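Here's the structure we're looking at; comments come further down.
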Amino acid sequence: MTTQVPSSSGAFISITGLLTRGSTQFGLWIILSALWAVFASVSPGFLSTFNLNSLGRSVAVDVVVGFAQMVVLATGGMNLSVGAIGVCSVMLAGYLLQVLGLPIPLAIAATLAFGGGLGWLNGIAITKTGVNSFVVTLATASLFSGGMLILSHGVPLNGLPPEMGAFGRATVGPVPALAIVALAIGGLLYILFAHSVLGRQILSVGANARAAEMSGIPVSRVIVCVHVLSGVLAAAAALMLTARLGAAMPAVAGDDWLLPSFLAPVIGGTSLAGGAVSVIGTILGALLVSTIRSGLLILRFASFWLQFFLGVFLLAAILLERYRSALSAREQTRQA
Amino acid sequence: MKPLTFLLRQQWSGILLAVVLGIVALSIANPTFNTEFNWFVLLRSICVVALAAFSQMIMLGVGQINLSVGALGGLVAILVGGLMDAWGVPAIPAACMAVLVGGAAGLLNGWLTVRTGINGFVVTLATASAFNGINLGLTRAVPFYDLPARFVAFGNGRIGAFPLLMIVPIIVTALLAIFLNRTVKGRHLLAVGGNSNAAELSGISVSRTIMLAHALSGLIAAIAGVLAVAQLGSAQPTIGSDWLIISFAAPIIGGAGLSGGSVSITGTVIAVVLIGLIQNAMVLLAVDPYWVTFLLGALILAAVWINRIRTAGMERAR
Amino acid sequence: MSLALRSITKSFPGVRALNDASLTLVGGEIHALMGENGAGKSTLIKIITGVYRADSGIISLEDRDLVFSSPRDAIAAGIAVVHQERNLIPHFSVAENILLERLPTRNGLVDFAQAHAQTRQHLAKVGLDIDPATEVRRLSVAQMQMVEIAKALSHKANVLLLDEPTASLTEAEAETLFRLVRQLREAGTAILFVSHKLEEVLSLCDRVTVLRDGETTLMAAPVVGMTRGNLIEAMIGRSERPVVPRKRAPQLDQPLLQTQALTTSYGHKAVDLTLHRGEILGLYGLVGAGRTELARALLGQGKIRSGQVLVDGAAVRVRSVRDAIKRLRIGYVSEDRKYEGVILDHPIRSNIAITVWDSIARTLGLLTSNDEIAVVAPLAARLEIRAPNLEQHVGNLSGGNQQKVSLAKWLAADVDILIIDEPTVGIDIKAKSYIHELINELADRGMAILLISSDMPEMVAMADRILVMHEFALIDEFVNDRRYETASTRIMDAIHSATAGRVG
């Protein structure tokens, strides 16, 4: 994994030391553990099975949404249509399951392929026209959601096969099934970026597309791949959301996904400039956001203030990250 | 230069044509289009949108992005509503205070972007969240309804088809045009967007210019928020929630260059009218309103594509 | 009025860019600054314009010692620069660009009438007759340059630095520029004319300073009485470095890469070359000769207008860089080491393995760091890449080690044909010899190497045969006897005749 810092510069003697000199993920672990300790001590209900399960389910979807953005950030681009693809996928899944009555595995496969197809359109538009991904995906977000809503009128579909909702509620031991799915996807992405050719190609395109091209990397193909992957992940998140809600409700995805899709990866150490990602960081980032949300609820803070804290937190996290990487760059230079 | 040649040379000639054709087509398709009341509705609907678009347009002019346009506008809307409803402040002082807060919020965006060196995209993403949060926190999702009668009357009033509300965007458009075209600070703002390196070497402070741009953007978004409250007759916490895409769409369709430094007030206004026309048409023709969203996306892509062809053509001509 | 730089030394990690270099400018003179790639010219320019600070040495203006901590300090001191790349606000008018920071106002608003009037005066000084309201992006490159010069002059600059000003100009436009420059000289401005074009310097300039290997080889020499030979000698002449001999003379019997009458969209005209297995074919030329462009054409960038490229006897059409690497087994060590040759933010390990990820992967395209290390570690050891470990970011390595990484990835790819573009520019002596030895070794083992270099000693030491390129055409080809006198003279003569052939 590419977020790196040589930690061999002597013993850490303070928490701030740990926070600033360890890797981003390590710092996040510390903050998370601290928050959990605080929330649990104030209200034991925080650690109740009920709360943890509900936390787990909502985090699961947020994590996969974060992944959908993360893979595009890896190439130095962004995908503003993550929410739109989510909406489209939710409606398609609902339609396939309820109206066409397709068996669940088939509907899932078709939905994922559909999401990938939309992502493919994004990738092709970006690479063929040379327009930057911000504008293209801004436009396709409107195109996709508008188009889908024209077709479906945004009517929620409540008559899904009961297995969907059941899966959404299921647990394997203490862990919700949805969380396991999210972790499994995370595992696959980790393998992609740490142990596969495509993953390395993606990261080199993000770090320096010109150098990658001159080393034989098929840059355009990689960018299209990444957008296809982003579309598939957005569709996956949509399916998980549908399972969690037990119904296909397009209104819940969409613009609501924009901020979380950036929040999780960026807090977790994925660079906006491209070339470095952290799967674990994205998971921790999403967990952090959900923890704060849940904790505020438990502490009976008005949950409205969550949004405010999230915004402040994002800024603080990035500032910390910059400070940290400036420190580590200085250390690496000294060692070289 | 003959007027026709002048028109054809402009980047916005295409969308102007679309607007004219659209008006003609709609008049034929549905007789209620050309009624005084419908024109009033149409004109009123573009007031807030125009300001939201200008708010983003200034950012595009300086080469930055402001994702908090909607959230900032929404927050100001709540503030002005709260001041009038909960604190009984009369309309004009309340509006002034709220707009100033908006300017300050914009300045905060600018200050954060410049001092921390964090990408403006991320900064405004974060502040958007923060502003939304304060919005929800103050209102608990309950709108403010008790507004001074004259304020609401201003929002509803009209002379024939001309909405009183429209006075504000007209004034803002004129002031903005003067600022960007005829003042030194305005020219420096566009210079920074066009080539920040050249601007810096010429002695222009890029940081201060970016902060100014953010402050102006916030100010205009704030005015949009106040207008929205007047238009709705109540301060809804959902104000601003759908401004983001339109705030980009209008300037881009109006011909703004994506790299910065090249924006068109006229083009943005025509684009806003075009979008308003499309929305109006959807209602009159009883077409699914989601077509607007769809068309918006298509228009953005078309505008950018055409822009690229134009620039490529100009490169080759040189 | 005079601007003097004395004993300027500037070092970067591992390499000394300027070593005791000096330059003196006097008002009313056109002073040329010449030097090849890596000579230190651009470093000196950056010091004059305040971008860099010298490690030691003195800058003095009218006998007052100055220190520049930023480009604005240099501008304030009266030094105006017109760079190679345009630096204007594209959508603004000529008037706004020239008067950007001092727009005239009336009643608080910009007074465009006044601005246009002032601009017309500034434009008149450079003889540019255009409407001040014209948007700068609609002008030709030559006109844009004039606008920048007008802007520089409007600041009452005493020193005007023109960096490769004729790079994008036609002959007629260049003539107009020269007329202007002569007028400025009459008016007393000190003009620093940076150029690599011999004929320009000889016809336009009064004095010339030449840099080579960071040192001043010719200091403010009068151009009157200067010959092309003198200049060429000063730029690329002898220096005291040992020659690294080849172990064995190659058999030039297996052509691996050939071009026949190759004409490209870059401007090459009917280039014929043959590169054999085991051969080091040198491609020599001054800056701007078209050598790097030829390499890019061979890699599938740029269009081939006519002629053929043959690999191993068969005519091929190179579709992309990836195609060149994977199918035709051609590698390219880029001239732009830092931003094209390596990925600075990534570790050594992935930088070297990048060309072979496809082939070392197991099923499903999976591979581990250990798979990479298995390929990379032996190469890193063999090339003696100095770093604590393979995870070190390449950006933290010295220039020499970065170049080794850039080379190593082609060794990993086991290419048959390797084009090496300016391998030792800005690299310390020790790494230089190491890389030379390595190139020898690769050729000994059968690799076909096209060596592009403007470093004369390097060329003479390494190449088996030498091609000389000038203005996108090959002007000479000969077998290298590895004797510095004969080879260097032959090259210099070839360039000499080629440049003499031009109508000055």
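Taken in order, these protein sequences are the chains called A, B and C.
Using our numbering, you'd call the opening residue of the first sequence number 2 and step up by one each time.
Using our numbering, you'd call the opening residue of the second sequence number 89 and step up by one each time.
Using our numbering, you'd call the opening residue of the third sequence number 4 and step up by one each time.
Ideal Cβ positions, reconstructed from N, Cα and C, are used throughout, including at glycine.
What you are looking at is a predicted structure, and each value in this text was computed from that prediction instead of being measured.
- DSSP places G38/C within a strand segment (E or B) once states are collapsed to three.
- In the DSSP assignment, T267/C falls within the unbroken beta strand (DSSP E) covering P258 to T267.
- As far as DSSP is concerned, K159/C takes part in no beta bridge.
- Contact residues of the segment 358-382 of chain C toward chain A are T358, W360, D361, A364, G368, L369, L370 and T371 (C-beta to C-beta distance below 7 Å).
- Identification of residues in the segment 347-370 of chain B having a C-beta nearer than 7 Å to some C-beta of chain A yields an empty set.
- For P219/A, the nearest beta carbon of chain C is closer than 9 Å to its own beta carbon.
- Counted as a single uninterrupted DSSP element, the alpha helix (DSSP H) harbouring A298/C occupies residues R294 to L301.
- A Cβ-Cβ distance of about 24 Å is found for the pair D424/C and T220/C, leaving them out of contact under the 8 Å criterion.
- Residues of the same chain with a CB within less than 8 Å of the CB of A416/C, apart from the 5 flanking positions on each side, are I328, R332, G334, T358 and V359 in chain order.
- When the Cα atoms are used, L119/A and V229/A turn out to be separated by approximately 7 Å.
- For D63/A, the enclosing alpha helix (DSSP H) stretches over residues T50 to L74.
- Using a 10 angstroms sphere on the CB of E387/C, the tally of other CB atoms stays under 16, which defines it as exposed.
- The distance from the Cβ of G312/A to that of G221/B is about 6 Å, consistent with a contact at the 8 Å cut-off.
- Assigned with DSSP and collapsed to three states, S96/C falls in strand.
- As the crow flies, the alpha-carbon of A317/A is around 47 Å from that of L156/C.
- Among the CB atoms of chain B, one or more fall inside 9 Å of the CB of Q308/A.
- Any Cβ of chain B closer than 9 Å to the Cβ of N80/A would place that residue at the interface, and such an atom is absent.
- Neighbours of A286/B across chain C, judged by C-beta separation under 7 Å: N90, L91 and I92.
- Residue contact with chain C for H196/A: present (Cβ-Cβ distance below 9 Å to some residue of chain C).
- In the structure shown, P45/A adopts helical secondary structure according to DSSP, grouped into three states.
- Within the same chain, S5 and A193 come within 7 Å of V29/C by CB-CB distance, once the 5 residues on both sides are set aside.
- From the beta-carbon of I346/C, the residues of chain A found nearer than 8 Å are S205, A208, N209, A212, A213 and G276.
- Remark: C-beta atoms of S143/A and I397/B do not approach each other more closely than 9 Å.
- Residues of chain B whose Cβ lies closer than 8 Å to the Cβ of I151/A are, in chain order, D376, Y378, W379 and F382.
- Check the Cα spacing between M241/A and each of L158/A, Q308/A and A178/A: the tightest is with A178/A.
- Between A277/A and G207/A, the CB-CB gap stays under 9 Å.
- Rounded to the nearest angstrom, the Cβ distance from A501/C to N483/C is 19 Å, too far for a contact under 8 Å.
- The C-beta distance from P339/B to T354/B rounds to 11 Å, too long to fall under 8 Å, and the pair is not in contact.
- For Q202/A, the closest Cβ of chain C is nearer than 9 Å.
- Contact with chain B is absent for D63/A, since none of that chain's Cβ atoms lies less than 9 Å from the residue's Cβ.
- In the displayed model, Y55/C falls within coil according to three-state DSSP, outside both helix and strand.
- Per DSSP, the continuous beta strand (DSSP E) segment holding Q311/C begins and ends at I307 to V314.
- Interface with chain C (9 Å Cβ-Cβ cutoff): S291/A is excluded.
- With contacts defined as CB atoms closer than 9 Å, L171/B and A186/B qualify as a contacting pair.
- In the DSSP assignment, A77/C falls outside any beta strand (DSSP E) and within the unbroken alpha helix (DSSP H) covering P74 to A79.
- According to the DSSP assignment, M222/C belongs to no alpha helix (DSSP H) but to the beta strand (DSSP E) extending over E218 to P225.
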